[in-house]
Structure formats: structure tokens, C-alpha cells
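I have placed the structure first, in the form of C-alpha cells, so that the comments after it can refer back to it.
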């Protein structure tokens, strides 16, 4: 055995099983041609070595990180041209992951943490794209004139620490500026009751607002999102904003035994303790609304007021509505079959329900946020948990000032659920906002109206 520093490249064909099922002979022939005419020659040109191949991918090693990155980008650029005449759902596309690390060489194969990280980076890459670790990015930053976008820290399977990731794609969207307030954010970790590590962060100054988690979160990547970034920055402009990634997604532990309402409340309690919060306004959007209500009932001494936005009292399968039941089942199938797929049908099904009137740039960003924030398995577990929630009894027990806001045309959570929440919570105020999205986008009328209402409410109760 020999141990030395190497740049490791992991490559994998996207949707291999599906492609083989539809046209086994054609896919094998095209794959063989791509290997012979493009991939193998490029690897040799950049002084790399193919360590091993699988049916749908390969592992290679290079002595130079710069050579490894140049090779991967050249291959991806070449592949785009070679497959351009194929229908989108039949195109062969690869993902590449590259890491620089200490690698064990034994009998022609390579092993070690450096190899494992490269494999996980490949899984995070966009189809047709390249993901590299932070150490690779630092090594090639001043030597390559190609744009890599900061994806923030990523929690990946079987790696205990978050990995900072940078991504190149052939048609990269315009660089998204990170709000200035985000530069002061420092991610910290705390342990919940069962030992699950929960990632949390705090930014801004002023009266504290604690945000409950919603669907999928990523407390680093959200700052570069065209819908989350401006929204969070506005909240933090006059308040200390505390957020966390729920278990199973973002930078918190993904490999967890329990995803349940009880565990969610325990995680909220752990973050409140870690952040040293004595009394605070509690903000919940969508799923976070339900858990905010439960937390406020359990800890009325901690919560000065509740702000609930586009939330629900009853999950989709708890409403007794056949259409909601059918949508839940369809969305679970879409996640199971199409999470990370190149086929836009899967992504559009999940995204347009949340962002009916958004631009394509915003929808693409939301799709990417979903993909990198959690695995298909965990997304389905979280969705199943949310679908059966019924907070009716909890809502009746709330004894803190509550503001309920809902966008009238929200296609993800109907405004009727917002009205129900406001009716059940004693003394709650209810405000309808114009629009058709599940979030308040900067530039939409509801964005300013939301913060006008929230600022006035916090001035009185927060």
C-alpha cells in the first residue's frame, strides 16, 4: 500500500437505469463512443489515470487538481455537443465530483476519505455539471478562467463534517449577490435530545425572532436564493434572526432514526437553549406554522408573539379532501422517481405549486435548493409527517398574541387553511396578501405589505 496526495475525479451517468430500460443497445453504443472518442482521450491528455469503471461511471486520479478540473469541464462541454441532437429525456449526461486529498493506493485501486468525498460531490452536481471541494477551488481559483458558484456547506452521506462545495455548470445563471448581513453569519451546531446534530445560525441585531423550519432548508445556501435571500435580509434588518435546518436536511444530520412532530419540537428547544433565547417572537412559514403553534402551547413563557405565514392547521391528508390526498400521493411518486432527474417534468411538478407566478430563474433556484437540501428518502419522510398533522386542538390552546398572514392565491396551501388557523387561535389577527406564490418575492406587492404588517405587530408585541 502507498499513501499520497491526489486529485480524485468521480463521474456518474445520470438516470442510467432509466436510460438502459428504454434503449439498452443504443445507450451502450453511445456510451462506448463517448468513452473512446472523448472521455478517455481527455483524461490521457491531462495526464490522468482511470482507476476503475462501472456500468454507469468511473473513478480517475490526477497528480494535478488543475488538470483534473480542466479535464472534467472539457468532457462536460464536449458531451453537451455530442448529445445535442437527442431528446432531452434521452440524453446521456454525466455528473463530476472532484476532491484533493490523501489517498491510499493498493493493488491498482484507490481508497480513503479523499475518494469518498469526491463520490459525494458527484452526487451533488447538476447533470452536465462539476462540483469541487473547497480545497480544490482554492487550488485552482487563480489558474482557471471559469466561474464556480459557491454552494455553501453541504451535509453528505457517511461524512461527519459539512463539506463546502463549488459548482460549475455549462449555462451558469448570473451570480447571485449575497446580502451583506449574511457575511456575519456563523453556523453552529447543537445536539438534540436523541443526539442528532442540528445546524443553526443567528444574524442581525434587535429583538429576537426565532424562525421555525419549513419543508426544506439550508441556512447557508438560502442567502444566495433570489427568494429567500431578500426575505431573510429584510427580517434581519431590525431584528436578531435565529434559524436552523431541521433534522434530515440542510447542514443538520441526514441519517436520523426519527422524523416526527415530537422530534421537531425537541430540536426547536435545543436551538433555543443553544442561542440563549429567553423570550422571543416565533415565526413560522408553511410547515413551520404548525410547529410554531405547538411550541407556543408548550412554552408560552418563551414566546412573546406568533407570526404565521402561508401555514396550515391540517396537513394535506388530514383535510378530508380527495384532491389533496391525490396530490400528496403524486408528489411522493415524483420525489421517489425523479429527485435530481434531468427531466423537467419532475421538477416542474414540485416547483410550480410553490411558485406559480415566479420567473424561471427563481423556479430554477428553488429546484436547486430542494435538490441539495435533502435526499429523496428524507424529503418523503418529512412530507409524510407534515401531511397528517392536525393542529386544531393545539391552535385552540394558544394564549399569545398571533398574527396570521396568507397570500390569497397560494396554490401550495389554500387561503382557507390560513383563515381556519386564525379562527381557531383566540384573538388572532388575519391579513390576506395579494399574489399567487407560496413565498413573498422581493418586488411583489405582498413583500412590502408583509413586512409593514409584521413590523407593526412586532413593535407592539415583539
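Residue numbers (the numbering used here): 17 to 478.
Just so you know, even glycine gets a beta-carbon here, dropped at the ideal spot from N, CA and C.
From residue 23 to residue 353, what does the alpha carbon distance come to, in whole angstroms?
As a working note, residue 23 is residue 7 in the chain shown. As a working note, residue 353 is residue 337 in the chain shown. Whole-angstrom Cα-Cα distance: 33 Å.
In chain order, what are the residue ranges of uninterrupted beta strand (DSSP E) at least 3 long that sit wholly in the region 90 to 135?
110 to 122, 125 to 127
Per the DSSP calculation, residue 206 is bridged to which residue(s)?
Residue numbering aside, residue 206 sits at position 190 when the chain shown is read from its first letter. 214, per the DSSP bridge assignment.
Burial state of residue 163 (16 or more Cβ within 10 Å):
Within the chain shown, residue 163 is the residue found at index 147, counting from 1. Classification for residue 163: exposed.
Measuring CB atoms only, is the region 95 to 112 touching the region 131 to 150, in the sense that at least three cross pairs come out at less than 8 Å?
These segments touch.
Looking at residue 262 and residue 229, is the spacing between their C-beta atoms short of 8 Å?
As a position in the chain shown, residue 229 is number 213, starting the count at 1. As a position in the chain shown, residue 262 is number 246, starting the count at 1. In terms of Cβ geometry, residue 229 and residue 262 form a close pair [threshold 8 Å].
Return helix, strand or coil for residue 181, following the three-state DSSP convention.
For the purposes of this step, residue 181 is identified with residue 165 of the chain shown, where counting begins at 1. In this structure, residue 181 counts as strand in the three-state DSSP scheme.
Bridge-paired residues (DSSP) for residue 325
As a first step, residue 325 is located in the chain shown; it is residue number 309 there, counting from the start. Its beta-bridge partners are 301, 421.
Please state the DSSP three-state secondary structure of residue 262.
Position 246 of the chain shown, counting from 1, holds the residue named residue 262. Residue 262: coil per DSSP, three-state reduction.
Could you tell me the distance, in whole angstroms, from the CA atom of residue 136 to the CA atom of residue 99?
Indexing the chain shown from 1 puts residue 136 at position 120. Indexing the chain shown from 1 puts residue 99 at position 83. The straight-line gap from Cα to Cα measures roughly 25 Å.
Return the chain-ordered ranges of every alpha helix (DSSP H) run that is complete within the region 341 to 405 and spans a minimum of 4 residues.
Runs of alpha helix (DSSP H) with 4 or more residues, each lying fully within the region 341 to 405, are found at 360 to 367, 376 to 389, 392 to 403, listed in chain order.
For the 8 Å Cβ check, are there 3 or more pairs between the region 367 to 375 and the region 260 to 279?
Contact between the region 367 to 375 and the region 260 to 279 is absent, because fewer than three Cβ pairs lie under 8 Å.
Do you know offhand how far residue 382's Cα is from residue 361's?
Stepping through the chain shown from its first residue, residue 382 is reached at position 366. Stepping through the chain shown from its first residue, residue 361 is reached at position 345. One C-alpha to the other measures close to 15 Å.
CB-CB under 7 Å to residue 59, same chain, minus the five flanking residues each way: which ones, in chain order?
Indexing the chain shown from 1 puts residue 59 at position 43. Around residue 59: 66, 76, 87.
Strictly by DSSP, which residues pair up with residue 78?
The residue labelled residue 78 in the question sits at position 62 within the chain shown. DSSP lists 23, 64 as partners of residue 78.
Look at the alpha carbon of residue 424 and the alpha carbon of residue 287, and state the distance between them as a whole number of angstroms.
Within the chain shown, numbered from 1, the residue matching residue 424 stands at position 408. Within the chain shown, numbered from 1, the residue matching residue 287 stands at position 271. Roughly 32 Å between the two C-alpha positions.
According to DSSP, is residue 272 helix, strand or coil?
In the chain shown, counting from the first residue as 1, residue 272 sits at position 256. DSSP places residue 272 in coil when its eight states are reduced to three.
Would DSSP call residue 55 helix, strand or coil?
Position 39 of the chain shown, counting from 1, holds the residue named residue 55. If DSSP states are grouped into helix, strand and coil, residue 55 belongs with the helices.
Less than 8 Å separating the beta-carbons of residue 93 and residue 186?
Sequence index remark: in the chain shown, residue 93 carries index 77 (1-based). Sequence index remark: in the chain shown, residue 186 carries index 170 (1-based). Yes, Cβ-Cβ distance for residue 93 and residue 186 is below 8 Å.
What separation, rounded to the nearest whole angstrom, lies between the Cα atoms of residue 233 and residue 265?
In the chain shown, the residue the question calls residue 233 occupies position 217. In the chain shown, the residue the question calls residue 265 occupies position 249. Between residue 233 and residue 265, the C-alpha separation is close to 7 Å.
Does the Cβ of residue 123 have 16 or more other Cβ atoms within 10 Å, making it buried, or fewer, making it exposed?
Taking the first residue of the chain shown as position 1, residue 123 is located at position 107. So residue 123 ends up on the exposed side.
Whole-angstrom distance between residue 43 and residue 49, CA atom to CA atom
Working through the chain shown from its first residue, we reach residue 49 at position 33. Working through the chain shown from its first residue, we reach residue 43 at position 27. In a straight line, the C-alpha of residue 49 is about 10 Å away from that of residue 43.
Using a Cβ-Cβ distance cut-off of 8 Å, determine whether residue 253 contacts chain C.
Among the protein chains of the structure shown there is no chain C, as only one such chain exists.
For the alpha helix (DSSP H) holding residue 330, just list the boundary residues, first then last.
Locating residue 330 in the chain shown gives position 314, where the first residue counts as 1. First-last for residue 330: undefined, no H or E at that position.
Taking a contact to mean a Cβ-Cβ separation below 8 Å, would you say residue 429 touches residue 326 in this structure?
Walking along the chain shown from the start, residue 429 turns up at place 413. Walking along the chain shown from the start, residue 326 turns up at place 310. Yes.
Extent of the continuous alpha helix (DSSP H) to which residue 476 belongs:
Residue mapping note: residue 476 aligns to position 460 of the chain shown, counting from 1. Segment 461 to 477, the alpha helix (DSSP H) holding residue 476.
Hey, residue 119 and residue 175: beta-carbon distance below 8 Å or not?
Taking the chain shown and counting its residues from 1, the one referred to as residue 119 is at position 103. Taking the chain shown and counting its residues from 1, the one referred to as residue 175 is at position 159. No; because the gap between Cβ atoms is not below 8 Å, this pair is not in contact.
Give the DSSP bridge partners of residue 29, in chain order.
The residue labelled residue 29 in the question sits at position 13 within the chain shown. Answer is 110.
So for residue 164, helix, strand or coil by DSSP?
Looking up residue 164 in the chain shown gives position 148. Coil at residue 164, not helix or strand.
Reduced DSSP category for residue 243 - H, G, I as helix; E, B as strand; rest coil
Within the chain shown, residue 243 is the residue found at index 227, counting from 1. It is coil, neither helix nor strand.
When the Cα atoms are used, what is the spatial distance from residue 400 to residue 471?
Locating residue 400 in the chain shown gives position 384, counting from the first residue. Locating residue 471 in the chain shown gives position 455, counting from the first residue. If I take the Cα positions, the gap works out to 34 Å.
Hey, how far is the Cα of residue 299 from the Cα of residue 218?
Along the chain shown, one-based indexing puts residue 299 at 283. Along the chain shown, one-based indexing puts residue 218 at 202. Computed Cα separation, rounded: 14 Å.
From the DSSP output, read off the bridge partner residues of residue 257.
As a working mapping, residue 257 is identified with position 241 in the chain shown. Bridge partners of residue 257: 219, 225.
So the candidates are 404, 386, 349; which of them puts its Cα closest to the Cα of residue 481?
Residue 481 lies beyond the range of the chain shown here (17 to 478); nothing can be said about it.
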